[in-house]
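Chains as they are written, first to last, in the UniProt record's numbering: chain Z, 1 to 496; chain H, 1 to 140; chain S, 1 to 113.
We put the CB at the ideal spot given by N, CA and C, even for glycine.
Given the structure is predicted, the values throughout are model-derived calculations rather than measurements.
One structure is given below, encoded as structure tokens.
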Amino acid sequence: MNNFLLLPIIIPFFFGMILMFGQKKLAYQRITALFGLVISIVCAFALLATVYENGPQSVTFGSWPVPFGITMVSDTVSALLVLTTLILAFFIVWYGFGSIGKQREQFFYYPGVMFIITGVNGAFTTGDIFNLFVFFEVLLMSSYLLIVLGGEKAQLRESIKYILVNVISSALFVITVAFLYSVVGTLNMADISEKITEVNQPGILTVIAVLFLMVFGMKAAIFPLYFWLPSAYSAPPIPVLALFGALLTKVGVYAIMRTYTLFFTHDLSYTHELLLILSIITIIAGCIGALAHFDVKQIIIYNIVIAVGVILFGVAQMNEVGLEGAMFYLIHDMIIKAALFMLIGIVIFVTGTTNLRKMGGLMKTYPALGWFYLIAAFGLAGVPPLSGFIGKLLIVQGGFQAGNIWTSIFILASSLVVLLSVIRIFIYAFWGEQGQLSKEINKTTYNRLFFPTMLLVIVSIFYGVGTEWIMPFMEDAAKILTDPSIYNDAVMKGGE
Amino acid sequence: MKTNDVILQFTAKIVFFIIFFYAVHIFFAGHYTPGGGFVGGLVTSCAIVLLIIAFDLKKVQSILPINYIYLVATGLIVALGTATFSMIAGKPFFTHSFDYFNLPILGKTSLHTAALFDFGVYLVVVGVTMTIIQTIGEDE
Amino acid sequence: MEIIMAFVCGFLFMAAIYLILSRSLLRIIIGTGLLSHGAHLLILTMGSFKGSAPPVLADGVTDFVDPIPQALILTAIVISFGVTAFFLVLAYRAYQELKTDDMTLMKGSDDNE
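What follows is the structure in structure tokens.
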């Protein structure tokens, strides 16, 4: 039993509540939000250290015996993701001071962000499949609030579709959990993992595996289910977009990763092969979208889809190197996507348009922005020594080990398309003739936006250059993912 | 449009209290039998909605000057507070405790911290329902 | 009993999908409500109908039903209540802003506004 692992979930929740009071006082809202996130980050750091030292920690609510109560489990995988989430939320909230707008700040923007963090961290930490659904709903409810906040026409229109898609996927989630419950008779994830090997009903389990892939794939935006994403994500303002792009799809990816390593390992040749094929098609679809658009937001949004494909390709390999790469790339992608969204947010702020064709020549007026964008773009595409490189290297290595030579080569080739798509923004926006400039540029607002962005890009550089220090954590995470017994033992033992 | 709704208004004044006390009953009955904070909250908001139908939104707002969003936040804090309290006591999150007490009028009563949690749920449900009804109702 | 419930769930899903595919926003919301009802009934069915007494601790009762599906349904009902309520408010606001509740008029990006 270790209650400490709940703090990164409870603290944002608590601060979300107290932020619901005094909604008109801007200074109070801003300071309290940042303060809450800083405390949570400190707790998450301590949690990561504990988990790395002593192995997975768990707590079962209400002193129930283990398979019956709701268990929360923190292993290296979830502790790393929780920490990344909180750090990103800190930067995004900070960035939002300059761009989200007073009206939104006074209408429950900060509680929304706090509750979404609660949901995301809870989903990363929970060890109970139905509780995962509950935390999904927590984060979805707050995302509904954030996506519609401001009430612009496009936001209202897109949020209806977004909610509809998510309501359907939630219903599917409930249905899938019902099927799983009827087969294994338990909801505790560690217990399910053990029961699945005992029940020996591969047919229905494969059906459930595919249903889970659909449910989480809808959130993670994999190939046939990503169509809602580009239009829904283009509606909200940039800080919300950064939050969604960096966190929400990644929760789906994490859930696929968890269920496909912990539960559904009985028929690898079907389930993981399916995952492999879908991830490849996801990458192709994302590449086409990223190259086809001339709208900066859309280009980066389609890059989310590509990254999801790459991570799932790593998961589909089901060997330690591939999973290590997937973990590394997952966190890399969270950081770099947030940074890129923040950067293009500044570009949009400076030029006043999202259309690439109208931009140009920003290198002369904003050289620092240009260079940081270039670093982030190289990081995304995986130019060594930046962070994308190591993740992709490990994923491809895993692919070679599993014997998927051609698909691995394809992943490498897709990096070129990614590079092309983001460099296109660089060429159009920063080179060439002076394009459109917004009339209301204000140097202080620019600095306010630029400073957190710069720091986040520097964090991503450290993540790449400092791989040596991060690797032990990733190896530990991959070990837990490949060997479910570590996770199961920790949960079963934790309740005693 | 002016409607003659004397009977409705007169009835609502009385029925409101009947419904409200029924909600309180359901809330406490939920301790051992079906009922509880969620249903109690819904019934309470039904009572308030009945008042809103009989009179109008502004008048009800002046009778019950409650900021329902604050009510939600308070409810959440109460619920989370009860759950976290056990953390301070060194037990797993959400561990409840109960005991039997001899109260002056009620006699031997079991008091359970789960009732406090349920009270938080009650406040949240009333708050959320009324916020929704107010947002839709305000425009007319 | 399971067979009947399977048909009821199937019917609810059918009705839900029919309503969700229609053009009117209000019908879509009713459809999502039916969808979640179907899902809840499915949980109940999946928990199997064994046992005769309610799962409340009382003396002498040994043959009680599995309480977990009921707990799950309760949670899921509360969540779907919240989502449906939010969806209704949103639909109302959207109707005010966009002056339509027809989904075919709501598609498209900013280009064709």
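CB-CB length for residue i against residue j, believed under 8 Å
i	j	result
Z/Asn488	Z/Glu105	The pair is not a contact, with the Cβ atoms about 45 Å apart (cut-off 8 Å).
Z/Leu374	Z/Phe426	6 Å
Z/Phe21	Z/Gly36	The Cβ separation is near 14 Å, so there is no contact.
Z/His266	Z/Leu205	6 Å
Z/Gln155	Z/Ile147	7 Å
residue 510 of chain Z	Z/Thr85	Given a span of 1 to 496 for chain Z in the structure shown, any question on residue 510 of chain Z remains unanswerable.
H/Phe98	H/His112	4 Å
Z/Leu19	Z/Tyr110	5 Å
Z/Pro67	Z/Ala44	In fact, because the Cβ distance is near 28 Å, the residues do not count as touching under 8 Å.
Z/Met17	H/Ile52	At roughly 27 Å, the Cβ-Cβ gap does not stay under 8 Å, so Z/Met17 and H/Ile52 are not in contact.
Neighbour flag for residue i against chain S, beta carbons, 9 Å
i	result
Z/Gly495	Confidence is the limiting factor: at Z/Gly495 the pLDDT is only 49, short of 50, which leaves the residue's position unreliable, though a coordinate-based value still follows. So no, Z/Gly495 is outside the interface.
Z/Ala171	yes
H/Ile53	no
H/Thr135	yes
Z/Arg104	no
Z/Lys153	yes
Z/Tyr302	no
H/Ile132	yes
Short CB-CB distance (under 9 Å) between residue i and chain H
i	result
Z/Met359	no
S/Asn112	Only weak support exists for where S/Asn112 lies, its pLDDT of 42 falling under 50; the value from the coordinates is given anyway. No, because no Cβ of chain H sits closer than 9 Å to the Cβ of S/Asn112.
Z/Gly122	no
Z/Gly252	no
Z/Val138	no
S/Ala76	no
S/Ala94	no
S/Leu88	yes
S/Ala85	yes
Z/Asn54	no
S/Gly60	no
Beta-carbon spacing of residue i, residue j below 9 Å
i	j	result
Z/Gly112	Z/Phe136	no
Z/His293	Z/Ile284	no
Z/Leu241	Z/Phe372	no
S/Phe64	S/Pro55	yes
Z/Pro12	Z/Ala490	no
Z/Met214	Z/Ser169	yes
Z/Leu187	Z/Ile129	yes
residue 560 of chain Z	Z/Ser421	Nothing about residue 560 of chain Z can be reported from this structure: the residues present for chain Z run from 1 to 496 only.
H/Ala29	H/Thr44	no
Z/Ala316	Z/Val418	no
S/Ile1	Z/Phe179	The sequence as given places Met at residue 1 of chain S; Ile does not occur at that position. No, the pair does not count as a contact, with Cβ atoms beyond the cut-off.
Z/Leu394	Z/Gly322	yes
Z/Val42	Z/Ser58	no
Z/Val183	Z/Val199	yes
Z/Ala79	Z/Leu48	yes
Z/Lys161	S/Met106	yes
Z/Lys358	Z/Ile304	no
H/Phe93	Z/Phe115	no
Z/Lys439	Z/Gly352	yes
Z/Met189	Z/Phe263	yes
S/Gly82	H/Val128	yes
Contact with chain Z by residue i, beta-carbon distance below 9 Å
i	result
S/Ala6	no
S/Val65	no
S/Ser24	no
H/Val49	no
H/Phe119	no
Cβ-heavy atom distance, residue i to the ligand ADP, below 8 Å
i	result
Z/Phe107	Questions concerning the ligand ADP fall outside what the structure shown contains, since it holds no ligand whatsoever.
field: Completely contained alpha helix (DSSP H) runs for the region 230-257 of chain Z, where each covers 4 or more residues
entry: Listed in chain order, they are 238-243.
message: Quick test of the definition: if touching needs 3 or more C-beta pairs under 8 Å, does the region 272-288 of chain Z touch the region 409-416 of chain Z?
response: Short answer: they touch.
field: Touch test, the region 113-133 of chain H against the region 65-72 of chain H, Cβ-Cβ under 8 Å, three pairs minimum
entry: Yes: the two stretches touch, three or more of their Cβ pairs being nearer than 8 Å.
- prompt: With contact counted as at least three CB pairs below 8 Å, one residue from each stretch, are the region 2-13 of chain S and the region 35-43 of chain S in contact?
  reply: With three or more CB-CB distances shorter than 8 Å, the region 2-13 of chain S counts as touching the region 35-43 of chain S.
- request: Could you say if the region 446-457 of chain Z and the region 321-332 of chain Z meet the contact criterion of at least three C-beta pairs nearer than 8 Å?
  value: Judged by pairs of C-beta atoms under 8 Å, the region 446-457 of chain Z does not touch the region 321-332 of chain Z, as fewer than three such pairs exist.
query: Quick check: the region 245-252 of chain Z against the region 219-227 of chain Z, are there 3 or more CB pairs under 8 Å?
result: The region 245-252 of chain Z, when compared against the region 219-227 of chain Z, does touch it at the 8 Å Cβ threshold.
task: Could you pull out every unbroken beta strand (DSSP E) segment of at least 3 residues lying fully inside the region 68-131 of chain H, listed in chain order?
output: As far as the region 68-131 of chain H is concerned, its whole beta strand (DSSP E) runs of at least 3 residues are 98-103 and 107-112.
- prompt: Taking only runs of the alpha helix (DSSP H) that begin and end inside the region 106-179 of chain Z, which ones reach a length of at least 4 residues, in chain order?
  reply: 109-125 and 129-148, all fully within the region 106-179 of chain Z.
- prompt: Which ranges does the alpha helix (DSSP H) cover as unbroken runs of at least 4 residues, wholly within the region 366-427 of chain Z, from first to last along the chain?
  reply: For the region 366-427 of chain Z, the continuous alpha helix (DSSP H) assignments of 4+ residues that do not extend past its boundaries occur at 367-381 and 387-401, in sequence order.
message: Using 8 Å as the cut-off, can you tell me whether the region 30-45 of chain Z makes contact with the region 86-97 of chain H, which would need three or more C-beta pairs spanning the two stretches below that distance?
response: At 8 Å Cβ cutoff, the stretches do not touch.
message: Taking contact to mean 3 or more Cβ pairs, one atom from each stretch, closer than 8 Å, check whether the region 94-102 of chain S and the region 16-35 of chain S are in contact.
response: Yes, since at least three Cβ pairs between the region 94-102 of chain S and the region 16-35 of chain S fall closer than 8 Å, the two stretches touch.
task: Taking a Cβ distance cut-off of 7 Å, strictly less, list which residues of the region 14-43 of chain H are near chain A, in chain order.
output: This model lacks chain A altogether; the protein chains it does include are Z, H and S.
- prompt: Should the region 55-67 of chain H be called in touch with the region 103-111 of chain H, which here means at least 3 C-beta pairs below 8 Å?
  reply: Too few Cβ pairs lie closer than 8 Å, so no.
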